[in-house]
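Trainee: Here it is, the structure in full.
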Amino acid sequence: MSTDTPDPRDAPDPGPGEAVACTRLTYSFGETTAVDALDLTVREGEVFGLLGPNGAGKTTAIRCVTTLLPVSAGLVRVFGHDAAKDRMAVRRLLGYVPQQLSADSGLTGRENVALFARVFDVPRRERAARVAEALAAVDLADAADRLAGTYSGGMVRRLELAQALVSAPRLLILDEPTIGLDPIARTGVWDHINAVRAATGMTVLVTTHYMDEADQYCDRVGLMHRGRIRALGTPGELRRGLAERRGTDTEPTLEDVFRDIAGSGLDDNTAGGFRDVRSTRRTARRVG
Ligand SMILES: Nc1ncnc2c1ncn2[C@@H]1O[C@H](COP(=O)(O)OP(=O)(O)OP(=O)(O)O)[C@@H](O)[C@H]1O
Ligand SMILES: [Mg+2]
1 MSTDTPDPRD APDPGPGEAV ACTRLTYSFG ETTAVDALDL TVREGEVFGL
51 LGPNGAGKTT AIRCVTTLLP VSAGLVRVFG HDAAKDRMAV RRLLGYVPQQ
101 LSADSGLTGR ENVALFARVF DVPRRERAAR VAEALAAVDL ADAADRLAGT
151 YSGGMVRRLE LAQALVSAPR LLILDEPTIG LDPIARTGVW DHINAVRAAT
201 GMTVLVTTHY MDEADQYCDR VGLMHRGRIR ALGTPGELRR GLAERRGTDT
251 EPTLEDVFRD IAGSGLDDNT AGGFRDVRST RRTARRVG
C-alpha cells in the first residue's frame with residue numbers, strides 16, 4: 001500500500017463508534033499466513049478480548065493495528081485513520097503494552113516512562129507532570145526512582161502500563177498484560193486499567209490466555225484460530241451458544257468455548273508452536 005501523504009478524502013468513512021476496524025487483514029511471514037483475511041471491529045469505549053491458542057495470530061494482528069508491522073493486504077482503521085497511510089496519526093491515538101517485556105532495566109521507572117512520553121509526543125511542558133501522574137496511577141510513585149531492574153515482575157508489568165498510559169491514549173492495546181502475575185497482581189493491573197477507563201472512556205483491546213479474566217473484564221471477546229475470528233460475542237453469549245449446541249443445561253465456561261473452537265491448538269499449529277511456547281515461557285520467566 002502507498003505510504004504517500006494521505007489525502008483525507010481517500011479514507012473511507014469510519015463506522016459509527018468504531019475504535020478499530022480490520023477488513024480482510026492478511027499478514028504472512030514467508031510461507032506462514034499468521035493473519036488470514038481477518039475481519040475485526042472494536043467499538044469505541046469497550047474492552048475487547050482477543051483470545052486464541054498459541055500461534056493463532058493475535059500478536060501479529062495487534063502489531064498491524066499498532067503500525068509496527070505494515071498492513072500488506074486488507075485495511076486497518078483506527079478511529080477512522082488508515083494504518084497504512086497515516087501511521088503517525090494512529091500512533092498518537094494508542095498506547096501499547098507488548099507481549100515481550102519492554103521496560104529498560106538500566107533506567108529508573110520514571111526514566112522509562114519519560115522515554116515513552118517523549119516518543120509519543122507528550123508536549124515538553126507537560127511531560128514531568130504526566131509522567132508522575134502515570135506512575136501514581138499504577139501505584140509506583142514510591143518506587144519511581146529505583147532502577148526497573150530491581151522491580152518484581154508485577155511492578156514491571158505495572159511500569160509498562162504506565163508507559164502505555166502516559167500519552168493518554170484513546171485506545172490501549174495490551175498483549176497478555178497479566179502473564180506470569182499472581183492473582184492479586186492480576187487484579188491490580190485490571191483495577192488500574194478500569195480506573196483510567198472510568199475517567200477517560202478509553203477503549204481497550206487485550207489478549208489473554210486467562211479465560212476467567214476475559215469472562216470478568218471483557219465486554220466482548222473474539223476467539224481467533226489460524227488467523228481468523230471463529231467466534232464473537234459477549235462472554236455470556238458464547239457460553240450460552242455452546243450450551244445450546246451441546247443441548248445441556250449446565251452452562252459451560254469460557255474455557256470450554258475455547259476448547260470447542262480451538263481444539264488442542266498446538267497440535268495443529270506445527271509451524272508456529274515451538275517458537276510461541278518458547279517465547280511465552282521466556283516472558284513468563286522474566287516477569288515471574
Ligand atoms: N517474526 C516472526 N517470524 C516468523 N514467523 C512468525 C513471527 N512472528 C510470528 N510468527 C508466526 O506467525 C504465527 C502467529 O504468531 P502470533 O505471535 O501472532 O500468535 P499469537 O496468537 O500471538 O500466539 P501466542 O498466544 O503464543 O502469543 C505463528 O505461526 C508464528 O510462528
Ligand atoms: Mg502473542
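Each residue of the sequence shown is one higher than the last, beginning at 1 in UniProt numbering.
Virtual Cβ for every residue (Gly too), placed ideally from N, Cα, C.
All values derive from a computational prediction rather than experimental measurement.
1. Answer yes or no: the CB of Asp36 versus the heavy atoms of ligand 2, is any distance below 8 angstroms?
2. Can you determine whether any heavy atom of ligand 1 sits closer than 8 angstroms to the C-beta of Pro53, and answer yes or no?
3. Suppose the cutoff is 7 angstroms on Cβ atoms and the five residues either side in sequence are ignored; what does the same chain contact list for Val122 look like?
4. Mapping the DSSP letters down to three states, classify Leu94 as helix, strand or coil.
5. Could you tell me the alpha carbon to alpha carbon distance between Ala199 and Arg170, rounded to whole angstroms?
6. Could you pull out every residue in the same chain whose Cβ sits closer than 6 angstroms to the Cβ of Phe120, ignoring the five residues on either side in sequence?
7. Tell me whether Thr26, by its Cβ, gets closer than 8 angstroms to a heavy atom of ligand 1.
8. What is the rounded straight-line gap between the Cα of Gly233 and the Cα of Phe116?
9. Counting only the same chain and skipping the five closest in sequence on each side, list residues whose C-beta sits under 6 angstroms from that of Ala73.
10. For Ser161, count the other beta carbons within 10 Å of its own beta carbon; 16 or more makes it buried, fewer makes it exposed. Which is it?
11. Might you give, ordered along the chain, the residues of its own chain that have their beta carbon closer than 6 angstroms to the beta carbon of Arg281, omitting 5 neighbours on each side?
12. Any heavy atom of ligand 2 within a distance shorter than 8 angstroms of the CB on Gln163?
13. Using only the heavy atoms of ligand 1, determine whether one of them is closer than 8 angstroms to the beta carbon of His209.
14. To the nearest whole angstrom, what separates the beta carbons of Arg185 and Gly154, a pair I think is in contact under 8 angstroms?
15. Could you pull out every unbroken alpha helix (DSSP H) segment of at least 4 residues lying fully inside the segment 114-201, listed in chain order?
16. For the alpha helix (DSSP H) containing Val257, name the first residue and the last one.
17. How about Glu213: is its Cβ closer than 8 angstroms to a heavy atom in ligand 1?
18. Quick one: give me the first and last residue of the beta strand (DSSP E) that Thr108 is part of.
19. Can the beta-carbon of Thr203 be found closer than 9 angstroms to that of Gly52?
20. Can you give the Cα-Cα distance for Ala144 and Ala137, rounded to whole angstroms?
21. Quick test of the definition: if touching needs 3 or more C-beta pairs under 8 angstroms, does the segment 38-52 touch the segment 87-107?
22. Can you have a look at Asp142 and say buried or exposed, based on whether 16 or more other CB atoms are within 10 angstroms of its CB?
23. Skipping 5 residues on each side, what residues in its chain have a beta carbon closer than 7 angstroms to that of Gly265?
24. Assign Glu213 to buried or exposed, taking buried as 16 or more other Cβ atoms, counted over all protein chains shown, within 10 Å of its Cβ.
25. Taking Arg43 and Gly17 to be in contact with their CB atoms under 8 angstroms, please state how far apart those CB atoms are, rounded to whole angstroms.
26. Do you know how far the Cα of Arg226 is from the Cα of Asp267?
27. Beta carbon of Ile173, beta carbon of Leu135: below 9 angstroms?
Mentor: Taking the coordinates as given:
1. No - ligand 2 has no heavy atom lying nearer than 8 angstroms to the Cβ of Asp36.
2. Because some heavy atom of ligand 1 lies under 8 angstroms away, the Cβ of Pro53 counts as near it: yes.
3. Apart from the 5 residues on each side of it in sequence, Val122 sits with its Cβ closer than 7 angstroms to the Cβ of Arg130, Val166 and Ser167 in its chain, given in chain order.
4. Strand at Leu94.
5. Going by the C-alpha atoms only, they are around 12 angstroms apart.
6. So the qualifying residues of the chain are Ser167.
7. Every heavy atom of ligand 1 is 8 angstroms or more from the Cβ of Thr26, so no.
8. Their backbone Cα atoms lie some 34 angstroms apart in a straight line.
9. The residues are Thr26.
10. Reading off the sequence, residue 161 comes out as Leu, not Ser. Here Leu161 is buried, its C-beta having at least 16 other C-beta atoms within 10 Å.
11. Any reading at Arg281 must be qualified, since the residue scores a pLDDT of 45, below 50, and its modelled position is unreliable; the value itself is stated next. Same-chain partners within the cutoff: there are none.
12. Answer for Gln163: no, Cβ out of range of ligand 2.
13. Yes, the beta carbon of His209 sits closer than 8 angstroms to at least one heavy atom of ligand 1.
14. It should be noted that the sequence gives Ala, not Arg, for residue 185. A Cβ-Cβ distance of about 4 angstroms is found for the pair Ala185 and Gly154, placing them in contact under the 8 angstroms criterion.
15. Runs of the alpha helix (DSSP H) spanning 4 or more residues and lying entirely within the segment 114-201 occur at 124-137, 153-165 and 183-200, in chain order.
16. Note, Val257: alpha helix (DSSP H), Leu254 to Ala262.
17. Glu213: no, Cβ never under 8 angstroms from ligand 1.
18. Careful: Thr108 lies outside any beta strand (DSSP E) and carries neither H nor E.
19. In this structure, the beta-carbon distance from Thr203 to Gly52 does not fall below 9 angstroms.
20. Cα atoms of Ala144 and Ala137: separation of roughly 12 angstroms, rounded to the nearest angstrom.
21. Counting Cβ pairs under 8 angstroms, fewer than three are found: no touch.
22. Under this definition Asp142 is an exposed residue.
23. Because Gly265 sits at a pLDDT of 45, beneath the cut-off of 50, its placement in the model cannot be relied upon, and the point is left open.
24. Flag for Glu213 reads buried.
25. Between the beta-carbon of Arg43 and that of Gly17 there is about 5 angstroms, and that keeps the pair under the 8 angstroms contact cut.
26. Per-residue confidence for Asp267 stands at a pLDDT of 44, beneath the threshold of 50, marking its modelled position as unreliable; no derived number is given.
27. For Ile173 and Leu135, no; Cβs fall outside 9 angstroms.
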